[in-house]
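Trainee: Residue numbers (my numbering): 35 to 666.
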Ligand SMILES: Nc1nc2c(ncn2[C@@H]2O[C@H](COP(=O)(O)OP(=O)(O)OP(=O)(O)O)[C@@H](O)[C@H]2O)c(=O)[nH]1
Ligand SMILES: [Mg+2]
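(1) Which term fits residue 655, buried or exposed, when burial requires 16 or more other beta carbons within 10 angstroms of its beta carbon?
(2) Name the two residues that bound the continuous beta strand (DSSP E) containing residue 317.
(3) State yes or no: is the C-beta of residue 274 nearer than 7 Å to some heavy atom of ligand 2?
(4) Please list the segments of the beta strand (DSSP E) lying wholly inside the stretch 530-568, counting only runs of 3 or more residues, in order along the chain.
(5) What are the boundary residues of the alpha helix (DSSP H) that includes residue 283?
(6) Apart from the five residues just before and just after residue 320, which ones in its own chain have a Cβ nearer than 6 Å to its Cβ?
(7) Does residue 443 pass the burial test, meaning 16 or more other C-beta atoms within 10 Å, or should it be called exposed?
(8) Nearest-angstrom Cα distance between residue 619 and residue 389?
(9) So which residues touch the region around ligand 2, with touch meaning a C-beta under 5 Å from any heavy atom?
(10) Among residues of its own chain, excluding the 5 on either side of residue 382, which ones have a beta-carbon nearer than 6 Å to its beta-carbon?
(11) Decide if residue 491 is buried, meaning its Cβ has at least 16 other Cβ atoms within 10 Å, or exposed.
(12) According to DSSP, is residue 417 part of a helix, a strand, or is it coil?
(13) Work out the CA separation of residue 561 and residue 26 for me, nearest whole Å.
(14) Looking at C-alpha atoms only, which residue of 563, 474, 626 and 641 is the closest neighbour of residue 608?
(15) Within the present structure, is the beta-carbon of residue 80 separated from the nearest heavy atom of ligand 1 by less than 7 Å?
(16) Report whether the distance from the Cβ of residue 196 to the nearest heavy atom of ligand 1 is below 7 Å.
(17) Relative to the C-alpha of residue 169, which residue among 364, 427, 396 and 83 is closest?
(18) Can you give the Cα-Cα distance for residue 210 and residue 162, rounded to whole angstroms?
(19) Taking its Cβ as the centre, do 16 or more other Cβ atoms sit within 10 Å of residue 464, making it buried, or is it exposed?
(20) Under DSSP, the beta strand (DSSP E) around residue 307 begins and ends at which residues?
(21) Per DSSP, residue 479 forms a beta bridge with which residues?
(22) So what does DSSP say about residue 597, is it helix, strand or coil?
(23) Residue 542 and residue 467 - do their beta-carbons sit closer together than 8 Å?
(24) In angstroms, rounded to a whole number, what distance separates the CA positions of residue 660 and residue 597?
(25) From the DSSP output, in three-state form, read off residue 361 for me.
(26) Return the first residue and the last residue of the beta strand (DSSP E) that residue 426 is part of.
(27) In chain order, which continuous runs of the alpha helix (DSSP H) of length 4 or greater are located wholly inside the stretch 224-262?
(28) What does the Cβ neighbour count give for residue 278, buried or exposed, with the cut at 16 atoms within 10 Å?
(29) Residues in its own chain within less than 6 Å of residue 228 by CB, not counting five upstream and five downstream?
(30) What are the residues that DSSP puts in a beta bridge with residue 129?
(31) Could you have a look at residue 656 and say whether DSSP puts it in helix, strand or coil?
(32) Whose C-beta lies closer than 6 Å to the C-beta of residue 81 among residues of the same chain, with five residues either side of it excluded?
(33) Could you check what DSSP says for residue 205 in three-state terms: helix, strand or coil?
(34) Excluding the 5 residues flanking residue 57 on each side, which residues of the same chain have their C-beta closer than 6 Å to its C-beta?
(35) So residue 79 and residue 153 are supposed to be a Cβ contact under 8 Å. How far apart are they, rounded?
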């Protein structure tokens, strides 16, 4: 194991919150009890990839939490496998540091639009936020989204123009753009009072002016202490905590996390769970923790202002108030935006079902989904006409895709449908559909080709501008359903140079039919093992998804063809007369290898009359109904 993997596994342990293992690593002393005036709760918010996690990383490293010679993986906070593989944050995370006797609770949030629910959820833990903006890219759609959410939650931002080490950084212009954005979202009265800092999370420094020395992250920590208001709340009032996150642990079960708004919560004490419109439920705090660095540490009490984790509360959910008194009013909850895309989830019914998975039945799948709902607040699960099938709704392709990927890794097999935009009606019965703001940065010469693809998808160009490096930024409004699968189309059209971002804008009148994007597919009409003989004949008619000697069943989508319509093909055909099955790779060296789709690509590709079969090792697309008339 090299140093990197070693450290990563070590940090995974940290993140799985097993305090005993982590005890040795912290050199910093947290006080056992902080007065609310000595606490700052800060959410880090930004557009995807603008450097939130790296910045939090720098603050934690420089706060003396790790031994000096200790090697810690970059962005060690993005600790789950999918986060590391994709280089993005999926779940918001809590950690804290002690800066000159002030406890700073940091909440790292995901920047990808699909995980916006996570950002909304944790806003209520914070009293201020760092609005991080990339010094080259400037404010992006999600910057606006998270800023609006923060202002709505009453958080005043500290603006951090980040990545100023970038050779193409243009920090002064980006400051102006951020001020424009602040005015645009209605924060003009205070906009000029917000502190602005310049930083490079990766190089580990922050400064108030561009020509200040660039050697430490301290100015950022000082600004937090100075500018973020300490949490309100009185130590005298009865203890009250608002649950904003849930976590699990094999030893203690469900763990509720949130800020203590008033009073003191004590270990082993009896409490009430309150929720607007529900009768109070009596419960008990079995274990109590607060955050010290990247660890959760058991503590006899947590006081107003601090963030606590509580184990032992049966049936606690996000949005509940944990209260010492039954008579107290439940704390208000910020509403979460509605999902915009939905997909059907059912047990895998393919002929190859059950070969790889551990969990196969409708009941197992639905229980897993119910568990997901407890923490994934922006997700919904509803029954359908078929008892085996449920409709799962989320914020976007990635939100749903990550769930499917997580389930397959846990050993589930399932089949899912093409994601569909959730269409509603206004009071007059007119159809409304989710509309996204789409931003595309691309070299000028590809504009024509991109417009050609976006036209039929009912996108309307709203704005365009030239960026300092000569690329163009085009801003569209487009139906969410028209953008399904657009990301890969854009990459193909622009030879990988186009960058797109989308952000939910709102429900608007339905923009009319969008023609299917796929031309035609080849569908297997016989079951068996694919043969190189058949493949050799079929490659002339399109692109195949399977190579020789693979298991094929009737109805499996085995390739794509450039002509509209489904074509039923025999990919298991053997050479006549000799009846010789040739499946050796050598004979096929002159034939292009099959196109293998990742789960994400398959989710984009699957059509309405098909299922995507997902198992721990495979993602196969198949027709729901096999058209027997057209076979053979
Ligand atoms: N040049 C430069 N690159 C940086 C800096 N900070 C982060 N990056 C790079 O930017 C990319 C994104 O960094 P992250 O810290 O994961 O960004 P994030 O905002 O947490 O991303 P999400 O959580 O997925 O929204 C990584 O490739 C980092 O190495 C910086 O200060 N300078
Ligand atoms: Mg991150």
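Beta carbons: idealized from backbone N, C-alpha and C, even for Gly.
Mentor: Looking at the coordinates:
(1) Locating residue 655 in the chain shown gives position 621, where the first residue counts as 1. Buried.
(2) Against the chain shown, residue 317 aligns to sequence position 283. 315-318 is the extent of the beta strand (DSSP E) around residue 317.
(3) One-based indexing of the chain shown puts residue 274 at position 240. Checking every heavy atom of ligand 2 against the Cβ of residue 274, none is found closer than 7 Å.
(4) 533-543 and 554-558
(5) Position 249 of the chain shown, counted from the first residue, corresponds to residue 283. Counting along the chain, residue 283 falls outside any alpha helix (DSSP H), though it belongs to the beta strand (DSSP E) covering 274-283.
(6) On the chain shown, position 286 is the one that residue 320 refers to. Cβ neighbours of residue 320 beyond the five flanking positions: 345 and 346.
(7) Walking along the chain shown from the start, residue 443 turns up at place 409. Label assigned to residue 443: exposed.
(8) Walking along the chain shown from the start, residue 619 turns up at place 585. Walking along the chain shown from the start, residue 389 turns up at place 355. With a pLDDT of 49 at residue 619, under the threshold of 50, the predicted position of this residue should be treated as unreliable, and no value is reported.
(9) 86, 87 and 123
(10) Reading the chain shown from its first residue, position 348 is the one you call residue 382. Cβ neighbours of residue 382 beyond the five flanking positions: 447, 448, 449 and 647.
(11) Translated into the one-based positions of the chain shown, residue 491 becomes position 457. Classification for residue 491: buried.
(12) For the purposes of this step, residue 417 is taken as residue 383 along the chain shown, with counting starting at 1. Residue 417: strand per DSSP, three-state reduction.
(13) For the chain, the structure presents residues 35 to 666; residue 26 sits outside this window and is missing.
(14) In the chain shown, counting from the first residue as 1, residue 608 sits at position 574. The shortest C-alpha separation from residue 608 is found at 563.
(15) Walking along the chain shown from the start, residue 80 turns up at place 46. Yes.
(16) Walking along the chain shown from the start, residue 196 turns up at place 162. Residue 196: yes, Cβ under 7 Å from ligand 1.
(17) Residue numbering aside, residue 169 sits at position 135 when the chain shown is read from its first letter. The residue with the shortest Cα to Cα distance from residue 169 is 83.
(18) The sequence position of residue 210 within the chain shown is 176, counting from 1. The sequence position of residue 162 within the chain shown is 128, counting from 1. Their backbone Cα atoms lie some 22 Å apart in a straight line.
(19) As a position in the chain shown, residue 464 is number 430, starting the count at 1. Label assigned to residue 464: exposed.
(20) Walking along the chain shown from the start, residue 307 turns up at place 273. Residues 304-308.
(21) Your numbering for residue 479 matches position 445 in the chain shown. Per DSSP, none; premise fails for residue 479.
(22) In the chain shown, counting from the first residue as 1, residue 597 sits at position 563. In the structure shown, residue 597 sits in coil (DSSP, three-state: anything other than H, G, I, E or B).
(23) To locate residue 467, count along the chain shown from 1; it is residue 433. To locate residue 542, count along the chain shown from 1; it is residue 508. Contact: yes.
(24) Along the chain shown, read from residue 1 onward, the residue named residue 660 stands at position 626. Along the chain shown, read from residue 1 onward, the residue named residue 597 stands at position 563. Going by the C-alpha atoms only, they are around 20 Å apart.
(25) Stepping through the chain shown from its first residue, residue 361 is reached at position 327. Of the three classes helix, strand and coil, the one that applies to residue 361 here is coil, per DSSP.
(26) On the chain shown, residue 426 is found 392 positions in, with the first residue counted as 1. 424-428 is the extent of the beta strand (DSSP E) around residue 426.
(27) 252-261
(28) Stepping through the chain shown from its first residue, residue 278 is reached at position 244. Per the 10 Å Cβ criterion, buried.
(29) Residue 228 sits at position 194 when you count from the first residue of the chain shown. Counting only Cβ-Cβ distances below 6 Å, and skipping sequence neighbours, we find 191 and 193.
(30) The residue given as residue 129 occupies position 95 in the chain shown. DSSP lists 140 as partners of residue 129.
(31) Mapped onto the chain shown, residue 656 falls at position 622. Note: residue 656 maps to strand in three-state DSSP.
(32) To locate residue 81, count along the chain shown from 1; it is residue 47. Contacts found: 145, 174, 176 and 177.
(33) Position 171 of the chain shown, counted from the start, is the residue given in the question as residue 205. Looking at residue 205 - three-state DSSP - the assignment turns out to be helix.
(34) Mapped onto the chain shown, residue 57 falls at position 23. Confidence in residue 57 is poor, its pLDDT being 37 and thus under 50, which makes the residue's placement unreliable; the coordinate value appears in the next sentence. There are no such residues.
(35) If you number the chain shown from 1, residue 79 lands on position 45. If you number the chain shown from 1, residue 153 lands on position 119. Yes, they are in contact, since the Cβ atoms of residue 79 and residue 153 sit about 6 Å apart, within 8 Å.
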